[in-house]
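*Asks:* Protein chains in written order, with our numbering: chain A, 240 to 466; chain B, 13 to 315. Can you read through this structure? Questions will come right after.
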């Protein structure tokens with residue numbers, strides 16, 4: 240359960256990125272957060288990964304106030320979450336296998352589990368034959384599928400996807416969304432940030448619309464991208 | 013479990029090192045230069061040590077005994093001197109030895125030989141030749157002699173004639189040592205800054221990766237460790253490179269130095285101390301590499 244209560248975020252240059260946000264996301268939900276550039280969507284995600292602390296209000300995940308986490312506990316929070324980004328954020332000097340394995344290594348998984356799970360995850364996203372490829376040897380869609388495999392590998396409770404289709408063509412974008420829906424069916428909460436109207440409309444789940452740092456609309460079912 | 017983690021960390025560090033070949037080449041090169049500078053400082057210290065030792069060995073104090081002093085008196089003074097810990101050695105020249113040496117030195121000079129034959133008695137004095145463990149100690153040794161109970165049997169202490177020279181040599185020695193130490197320190201600081209900045213640039217290159225590791229939930233130590241390994245590897249490879257270059261260079265230069273400073277062998281010194289020099293270079297390389305990595309990465313682990 241993700242709960243934001245009265246959250247405001249002001250950046251150092253006094254730019255108010257979020258203003259009095261109240262939002263609850265239940266376990267197993269698929270929520271699309273939409274809105275124009277500068278609406279505060281990405282800031283919201285960065286609060287959830289504790290890259291940022293709110294200036295005001297509270298951000299809770301599973302009942303834990305994450306602004307109060309000690310520096311040593313932040314990695315533990317991040318291991319509950321899988322993150323997918325528009326720019327993929329893959330480790331360029333590591334192979335596909337190593338990129339995915341890294342997420343397991345940090346939680347201290349044994350080598351046997353890594354050797355068993357990583358090829359399966361890569362298979363799931365359609366990269367079963369690219370274990371030893373480096374990110375620069377993959378297409379845009381391939382990179383994003385690799386990033387999804389990494390986000391999934393440690394079976395996180397929550398997946399945060401920040402414009403995951405932003406750098407992809409329509410076909411690849413569609414594939415990525417299908418993967419996210421499949422992950423959601425298995426019980427993982429998915430928070431998707433996007434400004435792609437076609438994608439949002441095709442998902443028809445909960446849609447939260449933001450503008451100017453505020454939530455302007457929250458459609459709980461069959462949501463559409465409406466500005 | 014710990015072994016497995018350690019293995020992963022070392023493997024990741026090695027991969028970073030191996031896969032960024034241009035960066036690795038540059039960083040190792042710069043670090044090797046820094047280590048060469050350190051080896052150069054060792055050589056400079058070696059030469060200034062040789063110089064100072066040579067100067068200091070030329071300094072001594074002689075006490076000339078009156079001709080009525082017996083061998084026993086001389087031996088008493090020698091023993092008393094040897095009890096002082098400021099005295100390194102005392103060498104006695106008896107009257108006979110002094111005469112024999114004088115005859116030999118002037119063997120070609122018939123006038124001197126004839127004059128000596130005329131004399132009934134040996135006109136030369138016995139002397140004690142004293143070397144101090146440190147040239148700063150001659151004054152105290154001389155004042156000890158001045159208050160000695162057999163002082164009336166001593167004719168002349170040549171310290172007073174040599175005092176100015178001894179003082180000057182002592183000042184040169186300590187200046188060479190002090191400046192050597194200061195220069196070493198200064199260059200060492202520069203070397204550390206250069207090494208540090210090079211490694212810092214290498215790690216700034218990998219800032220993106222560090223950010224990703226954090227976002228996947230890597231703990232700070234887990235992220236840091238491979239970079240420390242990488243830093244240590246730069247140090248090890250740079251040390252080996254520096255040692256190879258240094259020994260080749262020293263072998264080439266050493267015979268030329270021996271022409272200017274006979275009996276001084278630079279390469280002999282470095283081969284004689286190969287293991288300590290090698291270990292020191294590797295150690296300094298590793299410490300520089302790891303320390304620089306540690307400081308450089310700290311900045312990216314804050315968020």
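Note that beta-carbon positions come from the ideal geometry of N, C-alpha and C, so glycine has one too.
From what residue to what residue does the alpha helix (DSSP H) around residue 354 (chain A) run?
*Replies:* From DSSP, the alpha helix (DSSP H) with residue 354 (chain A) extends over 350-363.
*Asks:* Let me check understanding here. Comparing Cα to Cα, which of A:281, A:347, A:276 and A:400 lies closest to residue 15 (chain B)?
*Replies:* Minimum Cα distance to residue 15 (chain B) is reached at A:347.
*Asks:* Using a 10 Å radius around the Cβ and a threshold of 16 neighbouring Cβ atoms, would you call residue 264 (chain B) buried or exposed?
*Replies:* Under this definition residue 264 (chain B) is an exposed residue.
*Asks:* Which residues in the same chain have their Cβ closer than 6 Å to the Cβ of residue 282 (chain A), if we skip the five residues on either side of it in sequence?
*Replies:* Only 248, 256 and 257 meet the Cβ criterion.
*Asks:* What are the boundary residues of the alpha helix (DSSP H) that residue 297 (chain A) is part of?
*Replies:* Per DSSP, residue 297 (chain A) belongs to no alpha helix (DSSP H); it is in the beta strand (DSSP E), 295-300.
*Asks:* If we define contact as Cβ-Cβ less than 8 Å, is residue 231 (chain B) a contact residue for chain A?
*Replies:* Yes - at least one Cβ of chain A is within 8 Å of the one on residue 231 (chain B).
*Asks:* For the beta strand (DSSP E) containing residue 259 (chain A), list its first residue and its last residue.
*Replies:* Here the beta strand (DSSP E) through residue 259 (chain A) covers 255-264.
*Asks:* In angstroms with no decimal places, state the Cα-to-Cα distance between residue 312 (chain B) and residue 221 (chain B).
*Replies:* One C-alpha to the other measures close to 10 Å.
*Asks:* State the beta-bridge partners of residue 76 (chain B) as determined by DSSP.
*Replies:* Paired residues: B:139 and B:168.
*Asks:* Mind checking who residue 247 (chain A) pairs with in its DSSP beta bridge?
*Replies:* Answer is A:295, bridged to residue 247 (chain A).
*Asks:* Could you run through the stretch 308-335 of chain A and flag, in chain order, every residue whose CB is less than 9 Å away from some CB of chain B?
*Replies:* Residues 310, 311, 313, 314, 315, 316, 317, 318, 319, 320, 321, 322, 324, 328, 329, 330, 331, 332 and 333.
*Asks:* Whose C-alpha, out of B:150, B:224 and B:48, is nearest the C-alpha of residue 97 (chain B)?
*Replies:* Among B:150, B:224 and B:48, the Cα nearest to that of residue 97 (chain B) is on B:150.
*Asks:* Quick check for students: name the residue ranges of the alpha helix (DSSP H) that lie wholly in the stretch 180-265 of chain B, counting only runs of 4 or more.
*Replies:* As far as the stretch 180-265 of chain B is concerned, its whole alpha helix (DSSP H) runs of at least 4 residues are 219-227.
*Asks:* Could you list which residues in chain A have their beta carbon closer than 8 Å to that of residue 16 (chain B), in chain order?
*Replies:* Here the neighbours are 349 and 350.
*Asks:* Checking the sheet assignment: what are the DSSP bridge partners for residue 321 (chain A)?
*Replies:* Bridge partners of residue 321 (chain A): A:398.
*Asks:* With 16 other CB atoms within 10 Å as the buried threshold, where does residue 386 (chain A) fall?
*Replies:* Buried, because 16 or more other Cβ atoms sit within 10 Å of the Cβ of residue 386 (chain A).
*Asks:* Specify whether the stretch 398-406 of chain A and the stretch 311-330 of chain A touch according to this definition: at least 3 beta carbon pairs, one from each stretch, less than 8 Å apart.
*Replies:* As far as the Cβ criterion goes, the stretch 398-406 of chain A touches the stretch 311-330 of chain A, which means the pair count is three or higher.
*Asks:* Identify the continuous beta strand (DSSP E) that holds residue 333 (chain A) and give its terminal residues.
*Replies:* Element bounds for residue 333 (chain A): n/a, residue is neither H nor E.
*Asks:* Going by C-alpha distance, which of A:266, A:425 and A:388 is nearest residue 357 (chain A)?
*Replies:* Of A:266, A:425 and A:388, the residue nearest in Cα terms is A:388.
*Asks:* Check for me: the beta strand (DSSP E) holding residue 429 (chain A) runs from which residue to which?
*Replies:* Per DSSP, residue 429 (chain A) belongs to the beta strand (DSSP E) from 428-432.
*Asks:* Considering just the uninterrupted stretch of the alpha helix (DSSP H) at residue 152 (chain B), what are its terminal residues?
*Replies:* First-last of the alpha helix (DSSP H) with residue 152 (chain B): 150-158.
*Asks:* Counting pairs of Cβ atoms below 8 Å between the stretch 41-56 of chain B and the stretch 199-212 of chain B, do you hit three or more?
*Replies:* Contact between the stretch 41-56 of chain B and the stretch 199-212 of chain B is present, because at least three Cβ pairs lie under 8 Å.
*Asks:* Using a Cβ cut-off of 9 Å, which residues of the stretch 195-226 of chain B contact any Cβ in chain A, in chain order?
*Replies:* Here the close residues are 218, 220, 221, 223, 224, 225 and 226.
*Asks:* Do you know offhand how far residue 36 (chain B)'s Cα is from residue 188 (chain B)'s?
*Replies:* For residue 36 (chain B) and residue 188 (chain B), the distance between alpha carbons rounds to 38 Å.
*Asks:* Taking the C-alpha atoms as reference points, what is the distance between residue 117 (chain B) and residue 110 (chain B)?
*Replies:* Their Cα atoms are separated by approximately 10 Å.
*Asks:* Quick check: residue 169 (chain B) and residue 154 (chain B), are their CB atoms within less than 8 Å of each other?
*Replies:* Yes. Within cutoff.
*Asks:* Taking a Cβ distance cut-off of 7 Å, strictly less, list which residues of the stretch 231-257 of chain B are near chain A, in chain order.
*Replies:* Correct list: 231 and 234.
*Asks:* For the stretch 16-41 of chain B, enumerate the residues whose C-beta is nearer than 8 Å to any C-beta of chain A, in chain order.
*Replies:* Within the stretch 16-41 of chain B, the qualifying residues are 16, 17, 20, 27, 28, 31 and 32.
*Asks:* According to DSSP, residue 272 (chain A) sits in a beta bridge with which residue or residues?
*Replies:* For residue 272 (chain A), which the question treats as bridged, DSSP gives the partners A:432 and A:447.
*Asks:* Is the CB of residue 296 (chain B) under 8 Å away from at least one CB in chain A?
*Replies:* Residue 296 (chain B) does not count as touching chain A.
*Asks:* Could you have a look at residue 101 (chain B) and say whether DSSP puts it in helix, strand or coil?
*Replies:* Residue 101 (chain B): strand per DSSP, three-state reduction.
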